[in-house]
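Everything below concerns the one structure shown next.
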Ligand code: SF4
Ligand code: SF4
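Residue numbers (this note's numbering), protein chains in the order written: chain Y, 1 to 187; chain S, 1001 to 1080.
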């Protein structure tokens, strides 16, 4: 390694900044625009972890990530207001997911209401628009619907269960490049 | 949601008909027609699968897109 290179590195990581422990930064640094490379790095890393997990654990990977997501959903939603009504719970959920995921309730045109009863099941369709999981998967050329999606799935189920105090289940109906359709089954 | 199919571009392969989970399209005289546009939930799978790029959606919510490859885009910007 040349001395010039070492000096260059030292130069890059040297500053005259005085950093005091009581000075808590109030903003992220650097600015969001400059974080693009970091975001891509995180997405690539996530993709790598998921790909390796799938290789090692096979189909079991989905169960692991679903469970992890569900646990996390319960943990996070513990601090949210408890709601018995589904509409209120979905409101709480969208606050919880803000900035990373966005969704809306949706119904096909032949259905009268958003809460649908069919074949003895009561469910609501949710269309997920913005989704960091989808971005990560597509960034890495991975299929949608696998273990990383299961983490989000578990997270949503855990949060809904925690908020409503009722058991819930989420099913993937369709995954697309711009939005995904999910079915929230209420028990 | 308004969906337009470019009739001159459509090759009648029927891929959008098969792929759309909401059964929005039907093939009529070898051309795709959006017969149930109100059932569209904006996944854009049909755009991805259509080999003729014959589809257009108006009034759609475009999800945030971070999955572009920065390096590829930088190269493209230089060329285009
Ligand atoms: S965007 Fe999705 S739901 Fe809408 S027409 Fe295309 S495939 Fe069907
Ligand atoms: S996928 Fe494209 S080319 Fe094929 S039928 Fe549909 S609109 Fe036409």
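Using N, Cα and C, we set each Cβ at its ideal position, and we do this for glycine too.
Taking a contact to mean a Cβ-Cβ separation below 8 Å, would you say residue i touches residue j in this structure?
i               : j               : result
residue 51(Y)   : residue 1067(S) : no
residue 178(Y)  : residue 1062(S) : yes
residue 1049(S) : residue 1027(S) : no
residue 133(Y)  : residue 152(Y)  : yes
residue 159(Y)  : residue 58(Y)   : no
residue 97(Y)   : residue 80(Y)   : no
residue 136(Y)  : residue 4(Y)    : no
Please state whether DSSP places residue i in a helix, a strand or coil.
i               : result
residue 150(Y)  : helix
residue 68(Y)   : helix
residue 1058(S) : strand
residue 38(Y)   : helix
residue 1002(S) : strand
residue 135(Y)  : helix
residue 1019(S) : helix
residue 1067(S) : coil
residue 1074(S) : helix
residue 24(Y)   : coil
Considering only residues of the same chain and omitting the five flanking positions on each side of residue i, which have a CB-CB separation below 7 Å?
i               : result
residue 112(Y)  : none
residue 54(Y)   : 61, 146, 147
residue 1054(S) : 1005, 1006, 1009, 1010
residue 142(Y)  : 47, 50, 51
residue 76(Y)   : 96, 159
Using the C-alpha atoms, what's the distance from residue j back to residue i?
i               : j               : result
residue 109(Y)  : residue 34(Y)   : 43 Å
residue 1058(S) : residue 1065(S) : 18 Å
residue 180(Y)  : residue 30(Y)   : 32 Å
residue 12(Y)   : residue 1052(S) : 50 Å
residue 115(Y)  : residue 163(Y)  : 18 Å
residue 144(Y)  : residue 65(Y)   : 14 Å
residue 1076(S) : residue 1046(S) : 25 Å
residue 91(Y)   : residue 1035(S) : 33 Å
residue 45(Y)   : residue 120(Y)  : 42 Å
residue 106(Y)  : residue 1080(S) : 39 Å
residue 1060(S) : residue 23(Y)   : 45 Å
residue 93(Y)   : residue 157(Y)  : 10 Å
residue 1043(S) : residue 176(Y)  : 5 Å
residue 21(Y)   : residue 14(Y)   : 19 Å
residue 1071(S) : residue 125(Y)  : 37 Å
residue 183(Y)  : residue 166(Y)  : 16 Å
residue 78(Y)   : residue 1018(S) : 42 Å
residue 84(Y)   : residue 168(Y)  : 13 Å
residue 1002(S) : residue 1032(S) : 14 Å
residue 42(Y)   : residue 36(Y)   : 10 Å
residue 10(Y)   : residue 19(Y)   : 18 Å
residue 82(Y)   : residue 89(Y)   : 8 Å
residue 149(Y)  : residue 2(Y)    : 46 Å
residue 117(Y)  : residue 171(Y)  : 15 Å
residue 1030(S) : residue 1041(S) : 25 Å
Apart from the five residues just before and just after residue i, which ones in its own chain have a Cβ nearer than 8 Å to its Cβ?
i              : result
residue 68(Y)  : 151, 154
residue 104(Y) : 126, 127, 129
Among the residues of its own chain, which have a CB less than 6 Å from the CB of residue i, if the five just before and after it don't count?
i               : result
residue 1039(S) : 1022, 1024
residue 1004(S) : 1056
residue 131(Y)  : 101
Counting only Cβ-Cβ distances shorter than 8 Å, please list the residues of the region 1016-1046 of chain S near chain Y, keeping chain order. Contacts with chain Y (Cβ-Cβ distance below 8 Å) from the region 1016-1046 of chain S involve 1021, 1022, 1036, 1038, 1039, 1041, 1042, 1043, 1044, 1045, listed in chain order.
Chain S contacts made by the region 65-92 of chain Y, where a contact means CB separation under 8 Å: none
Between the region 115-128 of chain Y and chain S, which residues of the former have a C-beta closer than 9 Å to a C-beta of the latter? Within the region 115-128 of chain Y, the residues whose Cβ lies closer than 9 Å to some Cβ of chain S are 125, 127, 128, listed in chain order.
Contact residues within the region 1066-1079 of chain S, judged by C-beta distance below 7 Å to chain Y: 1066, 1067, 1070
Got a sec: which bits of the region 168-179 of chain Y sit with their beta carbon under 8 Å from any beta carbon on chain S, in order along the chain? 173, 174, 175, 176, 177, 178, 179
To be precise: take each residue of the region 14-39 of chain Y, compare its Cβ to all Cβ atoms of chain S, and keep it if any distance is under 8 Å. Which residues remain? 36, 37, 39
Report the residues of the region 1053-1064 of chain S with a CB closer than 8 Å to any CB of chain Y, ordered along the chain. 1060, 1061, 1062, 1063, 1064
For the region 130-149 of chain Y, enumerate the residues whose C-beta is nearer than 9 Å to any C-beta of chain S, in chain order. 130, 131, 132, 134, 135, 136, 137, 138, 139, 140
Residues, ordered as in the chain, of the region 93-114 of chain Y that lie near chain S by beta-carbon distance below 7 Å: 106, 108, 109
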